[in-house]
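Using the UniProt record's numbering, read the sequence shown as starting at 1 and increasing by one per residue. Using N, Cα and C, we set each Cβ at its ideal position, and we do this for glycine too. A quick write-up on the structure given underneath.
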Amino acid sequence: MIPTAFPTKEEMARLSARMLIEIGAIDFNARDPFTHASGKKAPTYVDCRKLVSFPRIRAVLMDFLTVTIMREAGFEAFDNIAGGETAGIPFSAFVAERMALPMTYVRKKPKGYGRNARIEGVMTEGQRVLLVEDLTTDGGSKLSFVDAIRETGATCNATAVIFFYDIFAGVHENLADHGVKLIHLCTWWDVLAEAKAQNAYDAETLAAVEAYLNDPAGWQPA
Numbered sequence: 001m002i003p004t005a006f007p008t009k010e011e012m013a014r015l016s017a018r019m020l021i022e023i024g025a026i027d028f029n030a031r032d033p034f035t036h037a038s039g040k041k042a043p044t045y046v047d048c049r050k051l052v053s054f055p056r057i058r059a060v061l062m063d064f065l066t067v068t069i070m071r072e073a074g075f076e077a078f079d080n081i082a083g084g085e086t087a088g089i090p091f092s093a094f095v096a097e098r099m100a101l102p103m104t105y106v107r108k109k110p111k112g113y114g115r116n117a118r119i120e121g122v123m124t125e126g127q128r129v130l131l132v133e134d135l136t137t138d139g140g141s142k143l144s145f146v147d148a149i150r151e152t153g154a155t156c157n158a159t160a161v162i163f164f165y166d167i168f169a170g171v172h173e174n175l176a177d178h179g180v181k182l183i184h185l186c187t188w189w190d191v192l193a194e195a196k197a198q199n200a201y202d203a204e205t206l207a208a209v210e211a212y213l214n215d216p217a218g219w220q221p222a
């Protein structure tokens, strides 16, 4: 895999957004908004898990993500690729295969029996580990996985995701305070731009989505 043979970061972001829209991983609904895990309403929803059922698009996005990792972190920056339970597991395997590296995964909490481990697979002291996930909102959930990796004596200074919300302040700074760099393919802004270009939704819905992206805390359904 030769990183210089791939499109620019901006073009990969646009194409990634286009492919997520194409497979139905993106949903906009301003009239009947979605309830997120926080309990807040939003007119946007993304489900990167759908990628596992679309092998051609999945392969392209995994190539894009791997190339982005190489460009932003280096060609020999990692010794191990770890996926976060559960959504990150398949994507970490795809990236690990492309980078010819061992793959492990991190449980959200110890399973409570047997070895009571949070790390599955072989991770050793001193290894440089990349955490791979499907997406991140504010980056907070990644830190628990990072801490579990570091408890093994390995280092984890970067996390790579397909989708980054990029609508909440201080995400990069918060991760940087914990010594973690965020690498991503595309954001809600890329999706909105592509949805507008495709006329994928009516003007009212797109306006509501844009209002939400600009003020997620203050947004209310019409």
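Relative to the C-alpha of residue i, which candidate in the options has its C-alpha closest?
i      : options                        : result
PRO7   : ALA211, VAL67, GLY121, CYS156  : VAL67
VAL180 : LYS196, ASN157, GLY84          : ASN157
TRP189 : ILE2, GLU10, MET1              : GLU10
ALA197 : ARG18, PRO216, GLU120          : ARG18
ASP63  : PHE94, GLY126, ASP79           : PHE94
ASP32  : THR159, TYR45, GLU76           : TYR45
PHE145 : ILE81, LEU192, ARG98           : ILE81
LEU101 : ASP166, ALA77, ILE21           : ALA77
ARG128 : ASP166, PHE75, MET1, ILE167    : PHE75
ILE21  : VAL171, LEU192, ALA73          : LEU192
GLY83  : ASN199, ASN214, HIS172, ILE149 : ILE149
LEU65  : ALA169, LYS40, PHE91, LYS41    : PHE91
SER38  : GLU85, SER141, GLU173          : SER141
ILE69  : ILE26, GLU173, ASP147, MET1    : MET1
Sorted by chain position, which residues of the same chain lie with C-beta nearer than 8 Å to residue i's C-beta, five sequence neighbours on each side aside?
i      : result
ALA117 : ARG107, PRO110, LYS111
ALA13  : LEU185, CYS186, THR187, ASP190
VAL60  : LEU15, MET19
PRO43  : PHE28, ASN29, ALA30, PRO33, PHE34, THR205, ALA208, VAL209, TYR212, TRP219, PRO221
ALA87  : CYS48, ARG49, GLU133, ASP134, LEU135
ALA203 : none
Where does residue i fall in DSSP's three states?
i      : result
THR118 : Residue identity differs from the one stated: residue 118 is Arg in this sequence, not Thr. DSSP places ARG118 in coil when its eight states are reduced to three.
LYS41  : strand
HIS172 : helix
LYS181 : strand
ASN214 : helix
ARG65  : A quick correction: the sequence has Leu, not Arg, at residue 65. In this structure, LEU65 counts as helix in the three-state DSSP scheme.
THR136 : strand
THR124 : coil
ASP166 : coil
MET1   : coil
ILE89  : helix
ALA160 : strand
THR104 : strand
ILE149 : helix
GLU81  : The residue asked about is misnamed: residue 81 is Ile in this sequence, not Glu. Three-state DSSP puts ILE81 in a strand.
THR205 : helix
PHE94  : helix
For residue i versus residue j, is the C-beta distance shorter than 7 Å?
i      : j      : result
LEU175 : GLY139 : yes
ILE89  : TYR105 : yes
THR159 : LEU182 : yes
GLU125 : GLY153 : yes
PRO3   : ARG98  : no
ILE162 : PRO216 : no
HIS178 : LEU143 : yes
Excluding the five sequence neighbours on either side, which residues of its own chain have a C-beta within less than 7 Å of the C-beta of residue i, listed in chain order?
i      : result
PHE54  : ILE23
TYR201 : PHE28, ALA195
Starting from the C-beta of residue i, find all residues in its chain whose C-beta is less than 6 Å away, skip the five residues before and the five after it, and write them out in chain order.
i      : result
LEU51  : ARG58
THR137 : TYR165
VAL122 : none
VAL171 : ASP138, GLY139
ALA73  : ALA158
ALA96  : ILE81, MET103
When the cut-off is 7 Å and only beta carbons count, does residue i lie next to chain B?
i      : result
ARG115 : In the displayed structure, chain B is absent; only one protein chain is listed.
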